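According to this note's numbering, the sequence shown is numbered sequentially starting from 19. Here a beta-carbon is modelled for each residue, glycine too, at the ideal position from N, C-alpha and C. None of these values were measured; they are calculated from a predicted model. A quick write-up on the structure given underneath.
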Amino acid sequence: MKTLAIIGAQWGDEGKGKVTDFFASRCDVVVRFQGGNNAGHTIVVDGRKIVTHLVPSGILTPHALSIIGHGVVLDPRSFAQEHADLTAAGVSISPANLKISLHCNIITSYHRLLDGARETQGAVKLGTTGRGIGPAYEDRAARRSLKLADLLDEKRLHAQLAQVLDEKQILFAQRYHVDYPSLQDEGAALLALGEFLRPYAADTFSLLHELQSRQRKILFEGAQGILLDIDYGTYPFVTSSSTGLAGIYAGAGLQGAPDEVIGLCKAYTTRVGSGPFPTELTDDTGTTLRELGGEYGATTGRARRCGWLDLPLLRYAVRAGNLTSLALTKLDVLAGLPALQACVAYEYDGQRLDVAFPGMDLARVRPVYEVLPPLQDAAGLGAGSLPPSVANYVAFIERHLQIPVGLLSFGPERSQLLQLRQYF
Ligand code: IMP
């Protein structure tokens, strides 16, 4: 296998950091192709927690080259901070192991301010991460995005930044009543950050093409998840990028199809931010899952909403994401519960549905549950074996989704993984 994509099969936070780290150690190149520092990919190495936001998780693999493709929205301030944090944590990060597309879209202070103002004063509260992701992608679609290449040329920077601010200044002054930095101040700050970024800037599209032609093993690291996809997700409570395969083609470049598309899936479901959530548990079981699973956002610290596994949504994610196998994470957390259920179908407008569809009103579905034996012998996973209750849960999921479960994760440490399928 030469090309591999890792895609969130739920609403993000499925444990992509750890699984990407596992595969990255077997790959030559790790590529981020969409999203930005709204992501928070957590990896625990020897008891030490490392969180990446914008930088590919491959940065923790010394021999791998990390690439940030042009579909990413890059906040240069956040990059500088992450660079400092990773360096302080002893992670080597340099132009030798990280390349950033010259064509990346830049998140400015104006995007962050607008995101924050809409969340606090707008008519609809989407529960965004407040990182300016949506407004930056709006500018990309509106064809006025500031690109990394613009930061490297003072004249271009000021001309393009003026376009970015043009209509927003009316919103800041007259709609939201928020102060915003002057063009001169923001331009000067971005110019300095551009100098910091300059050694990393590259034509990553051509580089990737060449690496693939040279048969390098390439991993595409998705951020967020299918249910947050701009088209396939639970609109409008979604992020602003294509979180599935379309995002790879649009935001990095790939010849042909990936050899494997691994969907990342928690053994239960979580969601952060607003929007419908059919299997949400608002009782003590939900609280227990949150506490046992440490279900608090790696980026914003917000408490995540927790619920049972939702198979109609996962069947949909398999279709929408072209998933070829699943990695099932956080089995140890589910093992802490004395009871176990999973949603196998929905009742929707008097009909029984096995699979969701784009635009389905999830607020109106009634989940149909199946009761399963709890995973109380999951401790045996540490010994590398497959305890009967876990084997039963895995078989149940495979039967419903019709794709194999290839990897199990049962704790935050790198070592707490069990491979059921040989990928490399
Ligand atoms: P935005 O991406 O900041 O615009 O947020 C839009 C929605 O996506 C909100 O519901 C966020 O909570 C959610 N979201 C964005 N990034 C992540 C992530 O990495 N994990 C989980 N949820 C996310």
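(message) When you measure from the CB of Asn-123 to every non-hydrogen atom of ligand 1, does any distance come out below 7 Å?
(response) no
(request) Leaving out five residues on either side along the sequence, give the residues of the same chain with a beta carbon under 7 Å from the beta carbon of His-129. (result) Gly-150, Pro-153 and Ala-154
(message) Let me make sure I understand the geometry here. Which of Ser-258, Ala-413 and Leu-209 has the alpha-carbon closest to that of Leu-175?
(response) Leu-209
(message) Beta-carbon within less than 7 Å of Ala-363's beta-carbon, same chain only, minus the 5 sequence neighbours each way: which residues are those?
(response) Pro-330, Arg-370, Leu-371, Asp-372 and Val-386
(message) Strictly closer than 5 Å from CB to any heavy atom of ligand 1: give me those residues in the order they appear in the chain.
(response) Gly-30, Asp-31, Asn-56, Ala-57, Gly-145, Thr-146, Thr-147, Ile-151, Gly-152, Gln-242, Leu-246, Thr-257, Val-290 and Gly-291
(request) Using 10 angstroms around the beta-carbon of Asp-93, count the other beta-carbons present and answer buried if the total reaches 16, otherwise exposed. (result) buried
(message) Assuming the contact rule is C-beta atoms closer than 8 Å, Ala-335 and Leu-341 should be a hit. Round their C-beta distance to whole Å, please.
(response) 7 Å
(request) Identify which residue in Thr-287, Ala-401 and Glu-278 has its Cα closest to the Cα of Leu-344. (result) Glu-278
(message) With H, G and I counted as helix, E and B as strand and the rest as coil, what does DSSP make of Ser-110?
(response) coil
(request) Grab the span of the alpha helix (DSSP H) containing Val-37 for me, first residue to last. (result) 34 to 42
(request) Could you say if the stretch 35 to 53 and the stretch 300 to 307 meet the contact criterion of at least three C-beta pairs nearer than 8 Å? (result) no
(message) Runs of 4 residues minimum, wholly inside the stretch 64 to 121: which ones carry the alpha helix (DSSP H) assignment?
(response) 94 to 106
(request) Name, in chain order, the residues that DSSP records as bridge partners for Tyr-155. (result) According to DSSP, which records beta bridges pairwise, Tyr-155 is partnered with nothing at all.
(message) Using only the alpha-carbon positions, how far apart do Leu-72 and Arg-95 sit?
(response) 11 Å
(message) Please classify Pro-217 as buried or exposed, where buried requires at least 16 other C-beta atoms within 10 Å of its C-beta.
(response) exposed
(message) Quick check: Ile-125 and Leu-282, are their CB atoms within less than 8 Å of each other?
(response) no
(request) Figure out for me which residue from Ala-353, Asp-31, Thr-21 and Ala-23 has the closest Cα to the Cα of Arg-245. (result) Note that residue 245 is Leu in the sequence shown, not Arg. Taking only the C-alpha atoms, the option nearest Leu-245 is Asp-31.
(message) I need the boundaries of the beta strand (DSSP E) containing Glu-431, first residue and last residue.
(response) From DSSP, Glu-431 is part of no beta strand (DSSP E); its letter is neither H nor E.
(request) For Arg-162, collect the residues of the same chain with a Cβ closer than 7 Å to its Cβ; drop the 5 residues on either side in sequence, then sort them by chain order. (result) Gln-181 and Val-182
(message) If I measure Cβ to Cβ from Gly-429 and keep anything under 7 Å in the same chain, skipping five residues before and after, which residues do I get?
(response) Asp-350
(request) Apply the 10 Å Cβ neighbour rule to Ala-241 and answer buried if 16 or more other Cβ atoms are within range, or exposed otherwise. (result) buried
(message) Run through the DSSP bridge pairs and tell me what Ile-188 is partnered with.
(response) Answer is none; Ile-188 lacks a bridge partner.
(message) If you reduce the DSSP assignment to three classes, tell me which class Asn-56 lands in.
(response) coil
(message) Could you check whether Cys-361 and Pro-296 sit closer than 8 Å to each other, using their CB atoms as the reference points?
(response) yes
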